[in-house]
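Once you know that position 340 of the sequence shown is 454 in this note's numbering, the rest is easy, because the numbers rise by one and skip nothing. So the structure is just underneath, and the comments pick up after that.
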Amino acid sequence: MKKVLLIGNGAREHAMGDALSKSAEVFVLGGERNPGLMKLAAEYAVADACDRDAILEFAERVRPDFAVVGPEAPIAAGVADVLMEHGVRSASPLAIAGQLESSKSFTRDLLGKYGIAGNPRFKVFLNEEGLEEFFAELGGDFVVKADGLKSGKGVKVSGDHLGSRKEGLAYARECIGEGGRVVVEEKLIGQEFSLMSFCDGMTTVDMPAVQDHKRAFDGDKGSNTGGMGSYSCADHILPFLKKSDVEAAAEITRKVAGALFEETGKYFKGVMYGGFMAVADGVRLIEYNARFGDPEAMNVLPIIKTDFVEVCQAIIAGELAGMKIEFENKATVCKYVVPKGYPDKPVKGEKIIIGDVPAGVRTYFALVDSREDGLYLSGSRAVAFVGIGDTVEEAEKLAQSAVEKVQGPVFYRKDIGTKALIDERIKMMKEIRGK
Ligand code: AMP
Ligand code: GLY
């Protein structure tokens, strides 16, 4: 059996570990003990996912065939680079290729330089020269983005986080002061979707499209979170998209993979996760992540038919072109249980009890503390339930029946995957596309 080193300890990594453990021994290194990963791991090292010394020590002892990195921080910190220097290759990108996620200006400039469609109107500023003029050009609707990794908190949108042009300018100045640069861009109107693609540097293979829900409460109200849940459909397209939208997004990703190699001389190995917006006249790129989405990983990995270990090996060997990667034609709905008060003032240290989980539902643990007498909240997303069915309706009912049985000071979004919410999105797209 192959040995795989998996870095990270969230629900995304639980889903990755679950898929890997079907045909490999999984060795986990993560900052906290994840009860799901503890159960499936051959060995579990508790250490920070960016701690190079701890990772090398573990890797030298375990001698894995390859590694996979879950979260963005260790990718940006060069964990795949360090492992490579010590003879362990990863199905995750080197830091230079990971800039696709760790620098928003790098990605916008890359699309611009290589003439790839998908950018909104944007400008990168290293100082204030021309800043006011560009805000004036964009009018009342704009988005201001800090350049580095900010766990989704570096992006501020007019009408949402920024009440006026004056506030936009002030935030842009703050970003220049703190990070040396800022991206200012046109505010796009449409529906967001995630398209994740396996990439070996030359070939990209797309996974089913997924829609995530970042806001804390039903009806997309409340603070932005790491993601409260997500759904995907049996045909691998979302109900508010046309097939051509997904194809356009896939084409952008394919071209970006090529441009990235031209630009850096390194192949991107891993998952290119594009956050796209379907707009009136097509598709735009919001951002790339250089890893699986959380929760999106939990929509796609439970339905992958091809051996995930083989997929990772093909990514590393540059052999994706010869490989057929298949997903079941099933719909999935993922709902996260989170502590009351999440994300702003989450309760911590309180006990939760998971009820009976029906057949057809997967349970993935995120940040919960597993003690002798049960599970305790750690302040972040706690547990995710994924319903799998022939239709989204069926998958939603399954996820809902598990999530509502959790006892303790928690909440979740009831509307994810429901017909009412999906119909609203279809209606919005029809309206902006004028048909
Ligand atoms: P990002 O970290 O780039 O994914 O941005 C976080 C969120 O900000 C996205 O999920 C979108 O909801 C929003 N956003 C980012 N860029 C734009 C844009 N150009 N137009 C409208 N919304 C945006
Ligand atoms: N689904 C949001 C993220 O993984 O960044």
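Just so you know, even glycine gets a beta-carbon here, dropped at the ideal spot from N, CA and C.
Residue of Asp332, Gln521 and Ala190 minimising C-alpha distance to Ile467: On the sequence shown, position 353 is the one that residue 467 refers to. For the residues Asp332, Gln521 and Ala190, the minimum Cα distance to Ile467 belongs to Gln521.
Local conformation of Arg465 per DSSP, three classes: Position 351 of the sequence shown, counting from 1, holds the residue named residue 465. Contrary to the premise, residue 465 reads as Lys rather than Arg in this sequence. Looking at Lys465 - three-state DSSP - the assignment turns out to be strand.
Among Val319, Ala159 and Pro460, the one whose alpha carbon lies nearest that of Pro523: For the purposes of this step, residue 523 is identified with residue 409 of the sequence shown, where counting begins at 1. Taking only the C-alpha atoms, the option nearest Pro523 is Pro460.
Contact test: Gly553 Cβ vs ligand 1 heavy atom, cutoff 6 angstroms: The question about residue 553 has no answer here: the residues shown for the chain are numbered 115 through 549.
6 angstroms Cβ shell around Ala260 - same chain, five flanking residues per side excluded: Numbered from its first residue, the sequence shown carries residue 260 at position 146. Gly268, Cys289 and Gly293, listed in sequence order.
Asp334 Cβ short of 6 angstroms to ligand 3 heavy atom set: Here the bound small molecules are ligand 1 and ligand 2; ligand 3 is not part of this structure.
Straight-line Cα distance separating Gly488 from Val370: Mapped onto the sequence shown, residue 370 falls at position 256. Mapped onto the sequence shown, residue 488 falls at position 374. So the two alpha carbons sit approximately 46 angstroms from each other.
Expected contact under 8 angstroms - CB spacing of Lys116 and Arg177 to nearest Å: As a working mapping, residue 116 is identified with position 2 in the sequence shown. As a working mapping, residue 177 is identified with position 63 in the sequence shown. The Cβ separation is near 11 angstroms, so there is no contact.
Cβ-based burial, Glu518 [other Cβ within 10 Å; buried from 16]: As a first step, residue 518 must be located in the sequence shown, where it is residue number 404. Per the 10 Å Cβ criterion, exposed.
Beta-carbon spacing of Arg126, Gly212 below 7 angstroms: The residue given as residue 126 occupies position 12 in the sequence shown. The residue given as residue 212 occupies position 98 in the sequence shown. Their beta carbons are not under 7 angstroms apart, which means Arg126 does not touch Gly212 by this criterion.
Unbroken alpha helix (DSSP H) run spanning Lys444, endpoints: As a first step, residue 444 is located in the sequence shown; it is residue number 330 there, counting from the start. Segment: none, Lys444 is in no alpha helix (DSSP H) and carries neither H nor E.
Per DSSP, the bridge partner or partners of Lys259: The residue you call residue 259 lines up with position 145 of the sequence shown. Beta-bridge pairing links Lys259 to Val269 and Val297.
Opening and closing residue of the alpha helix (DSSP H) in which Ala211 lies: Here residue 211 refers to the residue found at position 97 when the sequence shown is read from its first residue. Membership of Ala211 in the alpha helix (DSSP H) is indicated by the continuous run Ala209 to Ser216.
Enclosing alpha helix (DSSP H) for Arg147 [first to last residue]: Position 33 of the sequence shown, counted from the first residue, corresponds to residue 147. No alpha helix (DSSP H) contains Arg147, which DSSP labels as neither H nor E.
7 angstroms Cβ cutoff met for Ala348 and Asn413: Along the sequence shown, read from residue 1 onward, the residue named residue 348 stands at position 234. Along the sequence shown, read from residue 1 onward, the residue named residue 413 stands at position 299. No, they are not a contact pair.
N- and C-terminal bounds of the alpha helix (DSSP H) containing Ile366: Translated into the one-based positions of the sequence shown, residue 366 becomes position 252. Start and end: Lys357 to Thr378.
Counted within 10 angstroms of its Cβ, other Cβ atoms place Gly131 as buried (16 or more) or exposed: Mapped onto the sequence shown, residue 131 falls at position 17. That one is buried.
Identified DSSP bridge partners for Lys117: Working through the sequence shown from its first residue, we reach residue 117 at position 3. Lys117 pairs with Glu139.
Residues sharing a beta bridge with Ser206, DSSP: Position 92 of the sequence shown, counted from the first residue, corresponds to residue 206. In DSSP, Ser206 forms no bridge with anything.
Ser308 versus Met342 - alpha carbon distance: Counting from one through the sequence shown, the residue named residue 308 turns up at place 194. Counting from one through the sequence shown, the residue named residue 342 turns up at place 228. Roughly 14 angstroms separates the two Cα atoms.
For Ala362, the nearest candidate out of Leu399, Pro353 and Ala498 (CA to CA): By one-based count along the sequence shown, residue 362 stands at place 248. Ranking Leu399, Pro353 and Ala498 by Cα distance to Ala362 puts Leu399 first.
Inter-residue spacing [alpha-carbon to alpha-carbon] between Glu242 and Lys301: Locating residue 242 in the sequence shown gives position 128, where the first residue counts as 1. Locating residue 301 in the sequence shown gives position 187, where the first residue counts as 1. Within the model, the alpha-carbon separation for Glu242 versus Lys301 is close to 20 angstroms.
Cβ neighbour criterion (16 or more within 10 Å) applied to Asp255: The residue labelled residue 255 in the question sits at position 141 within the sequence shown. By the neighbour-count rule (16 or more Cβ atoms within 10 Å), Asp255 is not buried but exposed.
Anticipated Cβ contact below 8 angstroms, Pro409 with Ile502, distance rounded: Counting from one through the sequence shown, the residue named residue 409 turns up at place 295. Counting from one through the sequence shown, the residue named residue 502 turns up at place 388. A Cβ-Cβ separation of about 14 angstroms leaves Pro409 out of contact with Ile502 under the 8 angstroms criterion.
Gly436 and Phe382 closer than 7 angstroms at C-beta: As a position in the sequence shown, residue 436 is number 322, starting the count at 1. As a position in the sequence shown, residue 382 is number 268, starting the count at 1. No. Outside cutoff.
Ligand 1 heavy atom lying under 6 angstroms from the CB of Pro234: Taking the first residue of the sequence shown as 1, we reach residue 234 at position 120. Checking the Cβ of Pro234 against ligand 1 gives yes.
Any non-hydrogen atom of ligand 1 within 6 angstroms of Lys103 CB: The displayed coordinates of the chain run from 115 to 549. Any statement about residue 103 would go beyond what the structure contains.
For Met391, the first and last residue of its enclosing alpha helix (DSSP H): The residue given as residue 391 occupies position 277 in the sequence shown. No alpha helix (DSSP H) holds Met391; the beta strand (DSSP E) holding it covers Gly384 to Val393.
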